[in-house]
Structures are given as C-alpha cells and as structure tokens.
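Peer 1:
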Amino acid sequence: MVQRWTRGIGWGALCLALVTVSLTVHSEIESDLTGKMRSTILPPKLKASSWVLMDAATGVMLAGSNSSKPVEPASLTKLLTAFIVYREIQRGSVSPEDEVVVSEKAWRSKGSRMFIEAGDKVRIDDLLMGLIVQSGNDAAVALAEYVAGSEVGFADLMNQVAAELGMTNSHFINSSGMPHPDHFSTAYDLTLLAQVIIRDQPEHYARYAIKDFTWNDITQKNRNPLLGRDDSIDGIKTGYTRSAGYCLIGSAHRDGMRLIGSVMGAEGNRERADAVYSLLRFGFAAYERHDLYLAKHKIVDARVFKGAATSVEVGLADPIDLVLPKGAGKSLQATVQLMDPVVAPLETGQLLGTLTVQMNGADLLSRPLVTLHAVAEGAWFNRMADVVRLWFH
C-alpha cells in the first residue's frame, strides 16, 4: 500500500522581455531541455562557428549550436590556467604573495602581454591580474612555469584537470592559447569551465569584472566589450587569433538567475559582443529558475510503527532545481507517494517513497524520498501495541 497526495507549487509568472534578434528554427538548436521544459521563444540566429547558452546554477545547456565542435580557444585558454592557479591557492600549495622570477621565455611571449621583464620578481596576485584583466600571455607562461616547473608540465596538468571537469573534447598544449594543431576545445567545454569557476571560485570570478589594471606604468583595459553595456553583466573573457576568429564568454545575473553565453569564431569584436548579449537577453526572456526543494530538508512526516518515535522526517537526498519556460512555474504540482506501513528500525537515507513533479498534469520528473534521520526499534510494549494497530491499519 502507498500513501499519495498532491499539492500545488505556486510561483507567479514573470514579465517576458522582448528579444529583438533574428530567429532560427528549433530543430537546428541543441538543448538539454526537452518537451514542455523547452521555451517556445526561439534563440537568436548567430553568425559564429559554435555557441552555447548555459544556466550557471544547474549546468543545463538551454541552447547551443555545434557545441561539441573542436575549435581553437585562443585566450579563453587562460580561464583554465587561472582556474588551476586558484585551485593551488585554495589547496595552500602556493600563495598570492609568492614571488615568481620571470623567465626569458615568459618575457619573450608574443601577442597580448602585461609587460613583465625577464628577471623581475612578480607576485602571483599581480600575475593573475595581468592574466585575467590584461590577457597577458607572458603572465600565463610565468604562472605555468611556477606551478608546474615548465609550460610543458603545466599543459599536462591542464589536460588532467580538464578531464576531471568533464571537458571531454578538449586538449591543451600551452597556457596562453597560442595556436597549435593539437590545442583545441569546444564551446560546451569552455562554458562548463566557466560554470565551475563561478560556482567553486567566486573570488577568482570576481576579477573578470575589473575594467583595467596597471603594471610597469602601463594601464590596459579589460578586453571584454560587454562590461558596462549592462549592469547585470560581470564577465568573463575574450579570445582572438586570426585562425580562431573572435571568441567571447559572457555571464550575467538577473532576477535570481545566472546565465553563461559563449560564442566562438565570430567575425569581429562587435559581432562577438552582440552575439553573446543576444544570447543572454534571450535566456532571461525565455526562461526562469525554480529552486523547488533543498536537499535533506523535510518534505513530509511518515508515520512509523514499532519505533522509538512515531514519525520520521522524509525528504530528498539531492535538491531539485529546474529551469523552465517563463511562467511555467504556476502550473507545477508535486505528488508524494510513501510506502505504507513504515516499520522501524529505519536507517538514515532509507528509501521510503517517491516525489513526482508535474507540469500541466504531465509528469516532469521523479526523485526518491528518503529518511532524514534514523529511528530505532521501540520498546517491547510499544512494539506489541503497534502489532495490534497494524491489524486495523
């Protein structure tokens, strides 16, 4: 026998923003969302080799095109370089105050630079600023050599970390993003990396909103053309080489939702900025997030027989966070089914039932319901009394 009941989940619909971009058909667009979880508002049609729009909290790809196509990441490579350095800081392996002696190789780096000199002693903290704000290739090499002993060794570490993060279609040869046939990534992998930085390294992520940095009496502005265009945008990073084209990953936070938009291989600086901005506007217009249930929080109480307690709190082992089309939250309902009878002893995390979320009467997802604490077997007299009660249950 099971116990079953349903309750509504009441969220008001939010206003729908207007997206003034040309559109493409749904069938051409990749998405982790299916069926009724996918908005009827269509994403923008972009002039880029590949692109992705992701919800930062859940990692759900709302829309994408050629998301797993290998592309040259250019300076977006530096996101992984910075992530690894910050991870070493978090682990205590290095300190932001450590001084790095700049090698001749780092000093001779081509492309964008922070203008460190060979033999200089530069703090890791300053090198990170030069890497993130100024996109310095010289800073990337100096950091790589300090963390791993050589840039070749650091590239091996980059590939190990990329595999750990699930960047399954990426391979790195250097720390800066200089072109190489075996140095590649994808729009999806790089967006996933950005999501991990936002989630796990907030201090690191905050630096991508800094608009300029001065080193060696040279002030350089952040190359991200989206900073300042919209107050909700606070990152992330540009990339460019002649072979890669113009690349940009942008992120914005609005109405309790953070989105990440990535565009690879655009035709120009303005085009990549407009493309990412269109993606972010589309995402906020078409979708909304719902934090339905927290992990390990009580949803219902279950009656317990033959136990030291007469009830046990039941909830979810993992949270339920959904991204849904705007306004869809008002049609959500949750149905709980519990095993009956529930008899002690019970362990923490023991399966007791199922929670099903429905939208417009159709099942959307189901999750197991578990006990949130243990219940020991009751005293002999209570057990015998419950034997009688169970006869009439």
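According to this note's numbering, the sequence shown is numbered sequentially starting from 110.
Glycine included, each C-beta is placed from N, C-alpha and C at the ideal position.
1) Are three or more beta carbon pairs between the stretch 321 to 337 and the stretch 301 to 308 nearer than 8 Å?
2) Report, in whole angstroms, the separation of the C-beta atoms of K145 and N469, which I expect to be a contact under 8 Å.
3) So, do the stretch 202 to 220 and the stretch 464 to 479 have three or more beta carbon pairs nearer to each other than 8 Å?
4) On the DSSP bridge assignment, give the partners of I342 in chain order.
5) From the DSSP output, in three-state form, read off V211 for me.
6) Taking the beta carbon of P290 as the centre, do at least 16 other beta carbons fall within 10 Å, making it buried, or is it exposed?
7) My guess is that V250 and S285 are in contact by the Cβ rule of under 8 Å, so how many angstroms apart are they, rounded?
8) Do you know offhand how far H362's Cα is from I342's?
9) Let me check one thing: in DSSP terms, what residues is G354 bridge-paired to?
10) Alpha carbon to alpha carbon, how far is L481 from T465?
11) So the candidates are S176, V479, I233, S148; which of them puts its Cα closest to the Cα of E139?
12) According to DSSP, is L336 part of a helix, a strand, or is it coil?
13) Under 7 Å Cβ to Cβ from I369, same chain only, skipping five residues before and after it: list those, please.
14) Can you give me the Cβ contacts of K214 inside the same chain, cut-off strictly under 8 Å, excluding the 5 residues immediately before and after it?
15) Just the Cα atoms here: how many angstroms apart are F281 and I193?
16) With L236 as the anchor, note down where its beta strand (DSSP E) starts and where it stops.
17) Could you check what DSSP says for V169 in three-state terms: helix, strand or coil?
18) Using 8 Å as the cut-off, can you tell me whether the stretch 442 to 457 makes contact with the stretch 386 to 396, which would need three or more C-beta pairs spanning the two stretches below that distance?
19) Among residues of its own chain, excluding the 5 on either side of T347, which ones have a beta-carbon nearer than 6 Å to its beta-carbon?
20) With the cut-off set at 9 Å, would you say G416 and L478 are in Cβ contact?
21) When the Cα of E486 is compared with those of L473, A272, G173, V413, which residue comes out closest?
22) Do the stretch 369 to 387 and the stretch 404 to 411 meet, that is, are 3 or more Cβ pairs less than 8 Å apart?
Peer 2: Concretely, from the data shown:
1) no
2) As a working note, residue 145 is residue 36 in the sequence shown. As a working note, residue 469 is residue 360 in the sequence shown. That belief holds up - the Cβ atoms of K145 and N469 are roughly 7 Å apart, short of 8 Å.
3) no
4) Here residue 342 refers to the residue found at position 233 of the sequence shown. Beta-bridge pairing links I342 to A361.
5) The sequence position of residue 211 within the sequence shown is 102, counting from 1. Here V211 sits in coil by DSSP.
6) Here residue 290 is taken as the residue at index 181 of the sequence shown, counted from 1. Classification of P290: exposed, given that the 10 Å Cβ count is below 16.
7) The sequence position of residue 250 within the sequence shown is 141, counting from 1. The sequence position of residue 285 within the sequence shown is 176, counting from 1. Right, their Cβ atoms sit about 6 Å apart.
8) The count along the sequence shown starts at 1 and reaches residue 362 at position 253. The count along the sequence shown starts at 1 and reaches residue 342 at position 233. When rounded, the distance between both Cα atoms is 7 Å.
9) Position 245 of the sequence shown holds residue 354. T350, per the DSSP bridge assignment.
10) Translated into positions along the sequence shown, residue 481 becomes position 372. Translated into positions along the sequence shown, residue 465 becomes position 356. About 18 Å.
11) Start at 1 with the first residue of the sequence shown, and residue 139 comes out as number 30. Considering only alpha carbons, the answer is S176.
12) Counting from one through the sequence shown, the residue named residue 336 turns up at place 227. If DSSP states are grouped into helix, strand and coil, L336 belongs with coil.
13) Translated into positions along the sequence shown, residue 369 becomes position 260. For I369, where only same-chain residues beyond five positions count, the Cβ hits under 7 Å are M163, A165, T300, A303, Q304, I358, S360.
14) Locating residue 214 in the sequence shown gives position 105, where the first residue counts as 1. Excluding sequence neighbours, K214 sits near V250, E254, E260.
15) Stepping through the sequence shown from its first residue, residue 281 is reached at position 172. Stepping through the sequence shown from its first residue, residue 193 is reached at position 84. Rounded to the nearest angstrom, the two C-alpha atoms are 13 Å apart.
16) As a working note, residue 236 is residue 127 in the sequence shown. Looking at the DSSP string, L236 is not in any beta strand (DSSP E); the run it does join, the alpha helix (DSSP H), is 233 to 241.
17) Position 60 of the sequence shown, counted from the start, is the residue given in the question as residue 169. Here V169 sits in coil by DSSP.
18) no
19) Here residue 347 refers to the residue found at position 238 of the sequence shown. Only R332, N333, L357 meet the Cβ criterion.
20) In the sequence shown, residue 416 corresponds to position 307, counting from 1. In the sequence shown, residue 478 corresponds to position 369, counting from 1. Against a cut-off of 9 Å, the Cβ pair of L478 and G416 comes out as no contact.
21) To locate residue 486, count along the sequence shown from 1; it is residue 377. For E486, the nearest C-alpha among the options comes from V413.
22) no
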